[in-house]
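Numbering (the numbering used here), first residue to last: 79 to 1082.
Even for Gly, the Cβ is constructed at its ideal location relative to N, Cα and C.
Worksheet for the structure shown next.
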């Protein structure tokens, strides 16, 4: 026997005996963590008490943990729940149910500008909505997730087009003529404006840049509402700030989630117009009253066509998302893929979108360096329908057929004169407008940032922060109309159309700073201070193309001299904030930001935006600490200044010249030279300024079974952009350009209540309610006193007539008040045509001399209510909204509710009318009658959803099923299709669909 064999035989058993105690030092503990309803909690932390050894629960709430043999207790924690200690026992699987924590929501971390704080330390008006409280169903963009969820935030979708944008107003108006959209911040990247100055999308090829992001990737949305919270964003914060945080890796083994949805959308309501039989009967009875007069019936057809039915369809949408979250060695990650395919209820409308998300949160240097990498990318293809078909479907003669085989308009019936020539002013076949129009847009978007947080050695609490962010969006597309289409016959430069467009947007941001957070226990104080340098640059490059005919031939003289038209602006900022807390009772927040913008001249380039806020946590005082029914009480007050520069064009403060067209060449000798035209410029342009005061109370009662807040705010908005006529010859324009001259005030009250009326083992009921009261008043429009004859600035263009406006801006009144004539009614309750109140008592009635300011499109009172019932594995959710006091001008009825509109002054074509023609009896249009300004207050059931948690299909897979209905019903006095019209003028709104959705979520 060799010596090595002998050594093995003798020594190995001894080593095994020595190692046996060590091998026996660990044992395996397994278990499951659920909430009070029995639903599994994924991502809960399970840690051995007194050590750092732990695990994270998987999608089914299960965990496996190796613990020392001497360990007796594990500690389980999760955000929003009470931390619980559980004895390990004899090794049997642990069944742990976490209960909602009384103060857990107070310790919840809330993202604010350039940082985050615990909810209990907030001093400003900040609202946060987590993923579990988002709107459900067919959701295309982030703004739809929080509709009706936050007091003081009004979100109105701009119609039912796939991926359409929303109009969002935080605490009312921020401007009269400038940008009023909030600033969006995604994972720390401050995005450029979502809309151009004309209100269209800032990214070509898509209706809404925000829809390029997958809503399924969003974890939380925070809204900054008062100047204390917004001032950290300086000249971009006046319209409010919406901070979007995406999902991150939570640790543990890989957890996969796949959810899929199928949605069917239908038209909820159509405009009430005369049917073919009603149309013929009306013509015979009310129009052709002269014996032998057949002018109308001669033009009528023999068909019975419901044109609205012809242009709308049942729309099908699919939405699929796959994500995986976990830790690869020491790298936490969250990866996602999404695909969205949505039809519009208007035929030929379609949106297809693919998205990818990569979120990595590693740590280095013994956790001293924390890194966060966020990348969100998307590709989309849109087919945009010709929305002119909506208006023509309402007004087109219902007695005419859709098709006329063999005609020169591609087989679509069209209005022609006796020679067969198309009548240019006639309404056009709505189906032809859709099917002979092909507008296709492509867009790509990537938003990302790299965030570094380095804990400086040797200086307790000091962190060096660096952020690099970008937002790159590219869009291009074509609009193609065949030469035989009636909609292109009168196009300039000729029949048919093949147009091309392209735009590249590049936005970059860089932030460097320090953050100092430290407790000073000896003086019962905590200090959270930060200082940052910020640089952002926004470059938009628009490509110029020649005009082409339908055969792709270049139209002579249309080739551009310059292939691109770039515009660029830069913002440099220095900012700082101090949050000081004494004895966990008294909190002071002070912010200062200094902005320098390239949009303004050197004399006006820089501006300071300060804010200060105080909070008193009354419930922490000794005289209230033992009050059992009071869980939390905090009183807040703030004042601050913010700005608004996104509504101001680039280069407006310097002289600029634009190249003339090829039709305006000037001849020198035998050569022709292009001309350059000067544009108006105003060197004293500067940002609009908002000074805001806020007083708030946060409360929690009965172990936080009831919680919420009450807010009062007052905003004074000055330096508003308003159009002012300037002396002739003083600038390169004879128009009324915009300069900083106006002012207005907004003030209001907000109330939020969250409650859990019932909380049992098998049944819970959670509800939330928000209430907003808002009042707006214009205080200045010009730089001098106006005469009594000055009615204000007329705005709000309407369809019908030429250049008619129906609203006015007047000092002392709400913005966009309706400016109308007071209608006189007969004994039968019907309006008397042409008879109005002579308000100036001069014996004659005229517009605008006898017009008056009547109502506003903006509701003074809005409310939102959400309720969730959980019983065993079932859940039922409903979301409702109410708007009280908003009015809408029914432009459809004012244009189509008069007899004269049916026959257009003998031009050889007929139009349909709305059924309001029976109510008004008007022969001639009465555009300025207050008869058409209608009470549009409404109550909407936005969302009704039911879910069933199937539970575990096996040891690794769980399933949840859900069904939703959106836009369930609306209760209103408004006679139009939908009372929710942001600007108050209802003119062929793309109907919002009623969506029915079924979905499944699979975790494994």
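Please decide whether residue i counts as near chain B, where near means a Cβ-Cβ distance under 8 Å.
i: residue 779; result: Here there is only one protein chain, and chain B is not present.
Measure the alpha-carbon distance for residue i versus residue j and round it to whole angstroms.
i: residue 102; j: residue 149; result: With a pLDDT of 40 at residue 102, under the threshold of 50, the predicted position of this residue should be treated as unreliable, though the coordinate-derived value follows. Going from the Cα of residue 102 to the Cα of residue 149 covers about 13 Å.
i: residue 665; j: residue 679; result: 39 Å
i: residue 1074; j: residue 513; result: 27 Å
i: residue 99; j: residue 527; result: Model confidence at residue 99 stands at a pLDDT of 38, short of 50, so the residue's coordinates are unreliable; what they give is reported in the following sentence. Cα-Cα distance, rounded: 50 Å.
i: residue 832; j: residue 786; result: 6 Å
i: residue 307; j: residue 228; result: 16 Å
i: residue 1082; j: residue 1035; result: 4 Å
i: residue 413; j: residue 711; result: 40 Å
i: residue 719; j: residue 538; result: 33 Å
i: residue 415; j: residue 816; result: 45 Å
i: residue 466; j: residue 1067; result: 10 Å
i: residue 386; j: residue 463; result: 14 Å
i: residue 577; j: residue 468; result: 23 Å
i: residue 593; j: residue 966; result: 50 Å
i: residue 985; j: residue 419; result: 44 Å
i: residue 681; j: residue 724; result: 19 Å
i: residue 86; j: residue 1078; result: Residue placement at residue 86 cannot be trusted, given a pLDDT of 35 that sits under 50; what the coordinates show is reported in the next sentence. If you take the alpha carbons of residue 86 and residue 1078, they lie about 60 Å apart.
i: residue 571; j: residue 850; result: Note that residue 571 has pLDDT 48, beneath the 50 cutoff, so the model's placement of it is unreliable and the number below is only indicative. The alpha-carbon atoms of residue 571 and residue 850 are separated by roughly 52 Å.
i: residue 193; j: residue 555; result: 39 Å
Quick one: what's got a C-beta closer than 6 Å to residue i's C-beta in the same chain, skipping five residues either side?
i: residue 858; result: 820 and 821
i: residue 772; result: 203, 304, 716 and 791
i: residue 775; result: 713 and 788
i: residue 1016; result: 961, 1048, 1050 and 1057
i: residue 1080; result: 336 and 1037
i: residue 941; result: 849 and 960
The alpha helix (DSSP H) spanning residue i covers which residue range?
i: residue 679; result: Here residue 679 belongs to no alpha helix (DSSP H), and DSSP marks it neither H nor E.
i: residue 701; result: 700 to 703
i: residue 387; result: 385 to 389
i: residue 175; result: Taken as a continuous stretch (DSSP letters only), residue 175 belongs to no alpha helix (DSSP H), being part of the beta strand (DSSP E) at 172 to 175.
i: residue 835; result: Careful: residue 835 lies outside any alpha helix (DSSP H), inside the beta strand (DSSP E) at 816 to 837.
i: residue 514; result: Here residue 514 belongs to no alpha helix (DSSP H), and DSSP marks it neither H nor E.
i: residue 354; result: 354 to 360
i: residue 564; result: 564 to 567
Going by beta carbon distance, what residues of the same chain come within less than 7 Å of residue i, once the five residues before and after it are set aside?
i: residue 206; result: 188, 298 and 300
i: residue 96; result: Low local confidence applies: a pLDDT of 34 at residue 96 is under 50, so the model's placement there is unreliable, with the coordinate-based value given in what follows. Excluding residues within five positions, none has a Cβ falling inside 7 Å.
i: residue 533; result: 446 and 541
i: residue 957; result: 213, 226, 944, 1020 and 1021
i: residue 506; result: 470, 492, 564 and 565
i: residue 357; result: 476, 477 and 990
i: residue 661; result: 602
i: residue 511; result: 464, 466, 467, 470 and 565
In the DSSP assignment, find the unbroken beta strand (DSSP E) run with residue i in it and report its ends.
i: residue 58; result: In the structure as shown, the chain begins at 79 and stops at 1082. Residue 58 is therefore absent and cannot be evaluated.
i: residue 403; result: 393 to 406
i: residue 424; result: Here residue 424 belongs to no beta strand (DSSP E), and DSSP marks it neither H nor E.
Assuming residue i and residue j are in contact, meaning their beta carbons sit under 8 Å apart, how far apart are those beta carbons, in whole angstroms?
i: residue 425; j: residue 389; result: 6 Å
i: residue 472; j: residue 968; result: Rounded, the Cβ-Cβ distance is 12 Å, inconsistent with contact.
i: residue 970; j: residue 1065; result: 7 Å
i: residue 295; j: residue 325; result: 6 Å
i: residue 781; j: residue 709; result: 6 Å
i: residue 889; j: residue 897; result: Actually they are not in contact, since the Cβ atoms of residue 889 and residue 897 sit about 14 Å apart, beyond 8 Å.
i: residue 873; j: residue 883; result: 6 Å
If you drop the 5 nearest sequence neighbours on each side, which residues of the same chain put their C-beta closer than 8 Å to that of residue i?
i: residue 127; result: 149, 150, 151, 152, 153 and 163
i: residue 647; result: 615, 616, 675, 676, 677 and 728
i: residue 110; result: 118, 135, 138, 139, 140, 141, 171, 172, 173 and 174
i: residue 161; result: 153, 154, 155 and 179
i: residue 699; result: 663
List in chain order: all unbroken beta strand (DSSP E) runs of 3+ residues lying wholly within the region 841 to 908. Counting only runs of 3 or more, we get 841 to 858, 871 to 875, 883 to 887, 895 to 898 and 901 to 903.
Counting only runs that start and end within the region 906 to 980, where is the beta strand (DSSP E) found for 3 or more residues in a row? Complete beta strand (DSSP E) runs here, min 3: 909 to 914, 930 to 932, 939 to 949, 952 to 962 and 965 to 968.
Unbroken beta strand (DSSP E) runs of length 3 or more, entirely within the region 996 to 1070: which are they? Considered as a whole, the region 996 to 1070 harbours 1011 to 1013, 1016 to 1030 and 1036 to 1050 as its complete beta strand (DSSP E) runs of no fewer than 3 residues, in chain order.
Which complete alpha helix (DSSP H) runs does the region 438 to 478 hold, if anything under 4 residues is left out? For the region 438 to 478, the full-length alpha helix (DSSP H) segments reaching 4 residues or more read 466 to 473 along the chain.
3-residue-minimum beta strand (DSSP E) runs that sit fully inside the region 626 to 677, ordered along the chain: For the beta strand (DSSP E) assignment, the uninterrupted runs of no fewer than 3 residues enclosed by the region 626 to 677 are, from N- to C-terminal side, 642 to 660 and 664 to 675.
What are the uninterrupted segments assigned as beta strand (DSSP E) that are 3 or more residues long and contained completely in the region 262 to 318, given in chain order? Segments of the beta strand (DSSP E) lying fully in the region 262 to 318: 296 to 302.
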